[in-house]
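For the sequence shown, the residue numbers in numbering that gives the first Met the number 0 are 0 to 228.
Before any comments, here is the structure.
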Amino acid sequence: MLTYWTIGGNINAFLSDTTRREKYGKNLLLRLGQEISIDQRTLYQAAQFHRVYPRVNLSLPLNWSHYRYLSRLPNESQRRYWERRIIREHLSVKDLLGLLTSQENGASAPALSTPSRGLLYHYRVIKRSDLVSGGDVCLVDCGFENYIEPPSSSVRIDNTRIYRSVKNESYTLRAMRVTKEKIYVYKALIERIVDADTLVVIVDCGFGIYHREILRLRFIDAPEKSTTA
0 MLTYWTIGGN INAFLSDTTR REKYGKNLLL RLGQEISIDQ RTLYQAAQFH
50 RVYPRVNLSL PLNWSHYRYL SRLPNESQRR YWERRIIREH LSVKDLLGLL
100 TSQENGASAP ALSTPSRGLL YHYRVIKRSD LVSGGDVCLV DCGFENYIEP
150 PSSSVRIDNT RIYRSVKNES YTLRAMRVTK EKIYVYKALI ERIVDADTLV
200 VIVDCGFGIY HREILRLRFI DAPEKSTTA
């Protein structure tokens, strides 16, 4: 497990550099997989594992296969819930996948009502400690661990409101009466289809920020495109 986590961390660190990402991004995992004899999808999963678990607790009785499925869950609270269940009930990987699939099927069965869509380019503001002054500063949370200082021409900013970005000659923020459930919605372009359940996309975070992300479709375990399975 630690091996995959380390490999994932190295991949993410390498691709965090824009120049290297543009030069090697599309072919890096293919070439790396050929050199170390690990299939490309597993390398994507390792990178996802490290992003979701930047710190991994080696004392937990979970293995790499457990973490492959846990890494697909949408938030930390769900991952922690299933970690506790795995430990308490001694769930095998097969047990875990069966329970996750049952939960997904049970949750999706009644979901025939009109979906609730969020709003593009709406953001919350967070307070962070300034490393220089030691005081608190407000930052716009653009998602995917991207933060910017509020545009200088914006209205007075506080961390109790939701704001919409408006682009004219420059960016400004406008306070909106919107709940937090409506934010963290993005446009994305598909850069590459790895296999039937894995996509590489470019996410438009707003403010001219673009983020490259690997997406796995939940509870689907499809073979790579290059295989005969």
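Think of the CB as a built atom: it goes at the ideal place given N, C-alpha and C, for glycine as much as any other residue.
Contact between the stretch 202 to 211 and the stretch 175 to 186 is present: three or more C-beta pairs spanning the two stretches fall below 8 Å.
For the 8 Å CB-CB criterion, L99 and I85 do not form a contact. With a contact defined as Cβ atoms closer than 8 Å, S70 and Q47 qualify at about 5 Å. Here V51 has S70 as same chain residues with Cβ atoms under 7 Å from its own Cβ, once five neighbours each way along the sequence are excluded. Within the stretch 35 to 116, the complete alpha helix (DSSP H) runs of at least 4 residues fall at 39 to 51, 63 to 69, 75 to 88 and 92 to 107. Distances from the alpha-carbon of Y43 to those of H65, L172, I6 and V136 put I6 closest. Distance from the CA of N158 to the CA of Y170, rounded to the nearest whole angstrom, comes to 19 Å. The criterion of a C-beta distance shorter than 8 Å is satisfied by C137 and I156. Counting the other CB atoms within 10 Å of its CB gives H89 a total below 16, which places it among the exposed residues. Counting C-beta atoms within 10 angstroms of its own C-beta, D194 has 16 or more neighbours from the protein chains shown and is therefore classed as buried.
L28 is classed as buried because its beta carbon has at least 16 other beta carbons within 10 Å across all chains shown. Counting along the chain, A195 sits inside no beta strand (DSSP E), nor does DSSP assign it H or E at all. By the neighbour-count definition (other C-beta atoms within 10 Å, threshold 16), I125 is an exposed residue. For I10, the uninterrupted alpha helix (DSSP H) run begins and ends at L1 to L14, by DSSP. Under the 10 Å beta carbon count, R87 is surrounded by fewer than 16 other beta carbons and is classified as exposed. Take P53, set aside five residues on each side of it, and no residue of its chain has a beta-carbon closer than 7 Å to its own.
For I161, the enclosing beta strand (DSSP E) begins and ends at I161 to K166.
Secondary structure of E144 (DSSP, three-state): coil.
The three-state secondary structure of R191, taken from DSSP, is strand. When rounded, the separation of the alpha-carbon atoms in A45 and V154 is 42 Å.
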